[in-house]
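Residue numbers (my numbering), protein chains in the order written: chain A, 1 to 248; chain B, 1001 to 1255.
What follows is a single structure, written as structure tokens, with notes after it.
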């Protein structure tokens, strides 16, 4: 009897809680996914060429790629975010003072978040790709050159399709990191999942419930993404290769 | 006959202070099968790689079909298209099927339309007896099958000469025969071939000329009968004696 009587109260409580977090956290989820996705794609666009440059480039290009990678891996993401969002406008004003165009350096907070996450992730992705590229035997390139491919053709057609498959498990890891690390953008007021949670907390003063809910949503997102990446890995697997590796 | 397809003049190559080639010159004519033998580390592989410039010689010149490969502004990629190369460890492209391995050079290097490349690739696989394995990946093939796909891949580019760098040395004994069969068939069809190998049975049966190399120079060359039965240089006799002792019994069984 008592249980039956309690049920409506629990339901009511849940509904009230739902009204409090929705649609705020829903919008936050979308922002988090969007910021992470753009960061990952920008990271891929920066990281892959950096990795190729670091392995196959002429010395000056290798050094340039190494400098980029070490700089962004060696400093905190938060510092990078601040420099890009708050530091670049200073450079812009200085440029304008010299009569040069500088306004383009003043970035919208979302754009600053994209660029900081992209450049940071790119440095890590470059290292994953480099490891994978170096795992592809020199014989593959030699065989490609022997049928008349240029070095660039050999890298694009022969090395990268194999290296990207090898890098996929590490890359999945980067996706999971990115979804969580992207939460630093709340510091420059990009309304991602964590920022939306903070708004609700400051309005209703219920930090534990909200933080636990936000944490659970992050966990769910990462689990779903890991599953999808696992499927992708399986689908892209080269038939017979796992046997070969066992035999070797 | 007699127009030289490959001409090599005074090749030198050193890795650090080790001189691997110390002045090698040779000519290979159309349709000729040249077998190069010699102890390991005497520059046989380096010599092959200098012919299609996978390795740059320090000194010396190479001509292919009358065109100088070692000329300062020679289009190296274009030259390599006309030289087929088969490696000891196959080097098939792991992410492509047998068919894909043969096709990729046709579509990416020769810029052949997909349909045409597909048909030609199937034809080349048929030439090495593997048309039924077209859709398998390298890791699903035996060593002998891999090497035959590698031969088909090289043939697809329609080369003027085929270079074989110890093509059977990485194979289990029972798989060597199928690869040698394909090579013999190629020789019968008139393909110009330079073969580095320890397969003396193949050398005796197929080659027009043999070269014995040691310490980066050609010690002796001539028709196989001459090298096998009345070599002038004592080192040639010694080496051939050892190698027939090692590989001989199996080859006698084969014959």
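Beta carbons: idealized from backbone N, C-alpha and C, even for Gly.
- DSSP places residue 64(A) inside the alpha helix (DSSP H), whose first and last residues are 59–74.
- Among the CB atoms of chain B, one or more fall inside 7 Å of the CB of residue 147(A).
- Under the criterion of beta carbons closer than 8 Å, residue 193(A) and residue 218(A) qualify as touching, at roughly 7 Å.
- For residue 187(A), the three-state secondary structure derived from DSSP is helix.
- Spanning the alpha carbons of residue 226(A) and residue 1056(B) requires a straight line of approximately 47 Å.
- Contact annotation: residue 1076(B) and residue 1187(B) have beta-carbon atoms that are not nearer than 7 Å.
- Counting along the chain, residue 1087(B) sits inside no alpha helix (DSSP H), nor does DSSP assign it H or E at all.
- The alpha-carbon separation between residue 200(A) and residue 178(A) amounts to approximately 23 Å.
- Here the alpha carbon of residue 1037(B) sits roughly 40 Å from the alpha carbon of residue 165(A).
- Counting along the chain, the unbroken beta strand (DSSP E) around residue 1063(B) starts and ends at 1059–1064.
- Sequence-distant partners of residue 106(A) (beyond 5 residues in either direction) whose C-beta falls short of 8 Å from its own C-beta, in its chain, are 88, 89 and 92.
- 7 Å or more divides the Cβ of residue 1026(B) from the Cβ of residue 1012(B).
- In its chain, beyond the 5 residues on either side, 91, 92, 93, 94, 95 and 96 have a beta carbon closer than 8 Å to the beta carbon of residue 102(A).
- In this structure, the beta-carbon distance from residue 1058(B) to residue 1014(B) falls below 7 Å.
- Listed in chain order, the non-local C-beta contacts of residue 174(A) below 8 Å within the same chain comprise 40, 43, 121, 124, 125 and 128, local neighbours out to five positions each way being set aside.
- Bridge partners of residue 1214(B) according to DSSP: 1217(B).
- In the structure shown, residue 210(A) adopts helical secondary structure according to DSSP, grouped into three states.
- Taking residue 1106(B) as reference, the option from 1061(B), 1128(B), 1152(B) and 1073(B) with the minimal CA-CA separation is 1152(B).
- Ranking 1129(B), 1102(B), 1023(B) and 1099(B) by CA distance to the CA of residue 1043(B) puts 1023(B) first.
- For residue 206(A), the closest Cβ of chain B is not nearer than 7 Å.
- Interface flag for residue 1080(B) against chain A is set, since a Cβ pair is found closer than 7 Å.
- In this structure, the beta-carbon distance from residue 143(A) to residue 1091(B) falls below 7 Å.
- In terms of Cα proximity to residue 130(A), the closest of 74(A), 150(A) and 55(A) is 55(A).
- Taking a C-beta cut-off of 8 Å against chain B, the contacting residues of the segment 156–190 of chain A are 157, 158, 161, 162 and 165, listed in chain order.
- Of all C-beta pairs linking the segment 1137–1148 of chain B to the segment 1170–1179 of chain B, three or more are shorter than 8 Å, placing the two stretches in contact.
- Proximity of residue 20(A) to chain B, defined by a Cβ-Cβ separation below 7 Å, is not satisfied.
- Distance between residue 212(A) and residue 26(A), taken at the CA atoms: about 15 Å.
- With contacts defined as CB atoms closer than 7 Å, residue 1062(B) and residue 1008(B) qualify as a contacting pair.
- Contact of residue 139(A) with chain B by beta-carbon distance below 7 Å involves 1087, 1089 and 1091.
- Taking all protein chains in view, the Cβ of residue 1035(B) is crowded by 16 or more other Cβ atoms within 10 Å, so the residue is classified as buried.
- Judged by beta-carbon spacing, residue 1166(B) lies within the 7 Å limit of residue 1088(B), meaning their Cβ atoms are closer than that value.
- According to DSSP, residue pairing for residue 1209(B) in a beta bridge involves 1034(B).
- With contacts defined by Cβ atoms closer than 7 Å, residue 141(A) and residue 163(A) do not form a contacting pair.
- Our two residues, residue 1078(B) and residue 1052(B), have alpha carbons roughly 10 Å apart in a direct line.
- The C-beta separation of residue 35(A) from residue 114(A) comes to about 7 Å, placing the pair in contact by the 8 Å criterion.
- Residue 53(A) places its beta carbon 7 Å or farther from that of residue 67(A).
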